[in-house]
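Protein chains in written order, with my numbering: chain A, 97 to 321; chain B, 708 to 1010. Just so you know, even glycine gets a beta-carbon here, dropped at the ideal spot from N, CA and C. Small disclaimer: the values here were computed from a predicted structure and weren't measured.
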């Protein structure tokens, strides 16, 4: 588990119980794009498989949560199915959707834009251009209703979080840290840099499903004024 | 038409049904009763099929019945319930009439009480459930805790449906809280894990539907240093350790993912009992295997 240990075979997951009614299929100990892709692929396979007793399959950044009814099945039975799927080395899942996101960068809605541009050694305009240059992938969901992590940016755009946490940023906030851009669909607390805001809301409790962006989808950011 | 007119409500009185599982990928935890056992038992006490519950915390709730009659069941912990000032049994049931004033306040035991009616609480289904997640403003009565002045309509009689069968009483809460070593147990030294098993932790008043803070009186985690972890799945019952060493048990309105290390997860069969543990009470954690936790749950359901 040391930091220096490379992920030699990230497609071979570790299976760990999370309480008596769930397990985690873990592909890495830290963020890793290959692990992220493997987790999303495994979630797709598991959803298609309809394993008896499994109630919910949720991909996260580098792992998959599998909730099951322990009175219907056992950890070992679910783990066996997952190991089988992992060994098949197949992928499955819906076609990734493409989303275009119109963002107002900077000013009151993106108060950290200037500081972020400064830290990466760019003008705000150059930062926005670099940020929007290529589509990002939705890496994970789940932190809050409709919240999505997108990434991963090129190395020069990687910044740590802020040292302090804002207790609440508004819905639609576009936030930036750790080589990722995330979009809040509801008010959330965050230690990430707030660089802009969008009118898009990836959460509608009256819709089925209530969110539109799924892990693996492509997101293109567009600056609007 | 029967309506409940709330005259006084503590900050944690909410509408709850069995919750909305299956929404974690959308960023929504399942919510539902803090004490599922108490929730089910309240229907038994009503003696009739019931709808969603009003879950109240130790700050209680007072409401007047308009319309009726309505069968009411009370359970979860031991609260003090009165009708028009006259004490009622808890757990217990009553048939309330038009104009009756029902007053539920803290009693000798427990943090969460359940009040259920033989009618559905007429709030909209949100993502398949009437449960309130007040943290994200979803479900229940306008997405929030109940407050004085609220008028809560009850629907028609639910009618014939088998009343839930009940398992055995879960006891007084003095036994150890059983848990399964967690996702990040290996990040804690063997010596620290050994101390975790023998130390007493004290439940604090800093508790809500998201989590319960524990006081680490024996300073088991005092020297624990924050680790930056990749955000990963969270489930109710997870025992997470904050950067300053504070242990928090995550409860029904938990965030679906989190980045703090989790040393263990309380087993399903003990989570209701933990939720009912009063502030100031000390708890001891006892590790069990996944199989043992499963067997305990299966036996509980059969009982």
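Inset, instruction - Indicate, with yes or no, if the ligand MN has a heavy atom lying under 8 Å from the CB of residue 900 (chain B). - result: Among the components of this structure there are no ligands whatsoever, and the ligand MN is therefore not found.
Inset, instruction - Would you mind stating whether residue 162 (chain A) and residue 136 (chain A) have Cβ atoms separated by less than 9 Å? - result: no
Inset, instruction - Let me know if residue 730 (chain B) comes out buried or exposed under the rule of 16 or more other beta-carbons within 10 Å of its beta-carbon. - result: buried
Legend entry - 6 Å CB neighbourhood of residue 913 (chain B) in its chain, flanking five on each side removed: 920
Legend entry - Given residue 821 (chain B) as reference, the closest of B:983, B:1007, B:886 once Cα atoms are compared: B:983
Inset, instruction - Examine chain B for any beta-carbon lying closer than 9 Å to the beta-carbon of residue 265 (chain A), and answer yes or no. - result: no
Legend entry - Residue span of the alpha helix (DSSP H) that contains residue 212 (chain A), given as start and end: 209 to 215
Legend entry - Boundaries (first-last residue) of the alpha helix (DSSP H) holding residue 978 (chain B): 975 to 982
Legend entry - Proximity test, Cβ basis, 9 Å: residue 98 (chain A) and chain B: For residue 98 (chain A), the predicted structure reports a pLDDT of 43, less than 50, and the residue's modelled location is therefore unreliable. A value from the coordinates is still provided. By this cut-off, residue 98 (chain A) is not an interface position.
Inset, instruction - Name the two residues that bound the continuous alpha helix (DSSP H) containing residue 998 (chain B). - result: 997 to 1009
Legend entry - Straight-line gap, residue 181 (chain A) to residue 855 (chain B) (C-alpha atoms, nearest Å): 54 Å
Legend entry - For residue 751 (chain B), the first and last residue of its enclosing alpha helix (DSSP H): 743 to 753
Legend entry - Runs of beta strand (DSSP E) wholly within the segment 749 to 836 of chain B (minimum 3 residues, chain order): 760 to 763, 768 to 773, 777 to 782, 785 to 790, 793 to 795, 799 to 803, 808 to 816, 820 to 824, 826 to 828
Legend entry - Sub-9 Å separation of residue 745 (chain B) and residue 787 (chain B) beta-carbons: no
Inset, instruction - Measure the C-alpha to C-alpha separation of residue 825 (chain B) and residue 751 (chain B) and round it to an integer number of angstroms. - result: 11 Å
Legend entry - First through last residue of the alpha helix (DSSP H) which encompasses residue 899 (chain B): 897 to 905
Inset, instruction - For residue 841 (chain B), I'd like the list of residues in its chain whose CB is within less than 8 Å of its CB, leaving aside the five on either flank, ordered along the chain. - result: 721, 847, 850, 851, 852, 916, 960
Legend entry - Assigned secondary structure, residue 228 (chain A) (DSSP; H/G/I helix, E/B strand, else coil): helix
Inset, instruction - Check whether the Cβ atoms of residue 930 (chain B) and residue 953 (chain B) sit closer than 9 Å, and answer yes or no. - result: no
Legend entry - Neighbourhood of residue 949 (chain B) by C-beta, 7 Å cutoff - its chain only, sequence neighbours within 5 removed: 955, 967
Legend entry - Cβ of residue 103 (chain A) within 9 Å of any chain B Cβ: Because the pLDDT of residue 103 (chain A) is 49, which lies under 50, any placement of that residue in the model is unreliable, and the number read from its coordinates should be weighed accordingly. Closer than 9 Å: no.
Legend entry - Supposed close pair residue 927 (chain B), residue 903 (chain B) - CB separation, criterion 8 Å: 6 Å
Inset, instruction - Flag this pair as yes or no: are the beta carbons of residue 292 (chain A) and residue 158 (chain A) separated by less than 9 Å? - result: no
Inset, instruction - Can you give me the Cβ contacts of residue 885 (chain B) inside the same chain, cut-off strictly under 6 Å, excluding the 5 residues immediately before and after it? - result: 974, 977, 993, 995
Inset, instruction - State yes or no: is the C-beta of residue 979 (chain B) within less than 9 Å of the C-beta of residue 741 (chain B)? - result: yes
Inset, instruction - Could you name the residues of the same chain whose beta carbon sits closer than 7 Å to that of residue 100 (chain A), not counting the 5 residues immediately before and after it, in chain order? - result: Unreliable positioning characterises residue 100 (chain A) in this predicted model, as indicated by a pLDDT of 47, which lies under 50. The coordinate reading is nonetheless provided below. There are no such residues.
Inset, instruction - Just the C-alpha distance for residue 739 (chain B) and residue 833 (chain B), rounded to the nearest angstrom, thanks. - result: 13 Å
Inset, instruction - Using a cut-off of 9 Å between C-beta atoms, extract the partners of residue 1005 (chain B) located in chain A. - result: 166, 167
Inset, instruction - Check whether the Cβ atoms of residue 173 (chain A) and residue 149 (chain A) lie closer than 9 Å to each other. - result: yes
Inset, instruction - Could you tell me which of B:862, B:990, B:802, B:844 sits nearest to residue 905 (chain B), measuring between CA atoms? - result: B:990
Legend entry - Check whether residue 724 (chain B) and residue 758 (chain B) have beta carbons under 9 Å apart: yes
Inset, instruction - Report yes or no: is there a C-beta of chain B within less than 9 Å of the C-beta of residue 307 (chain A)? - result: yes
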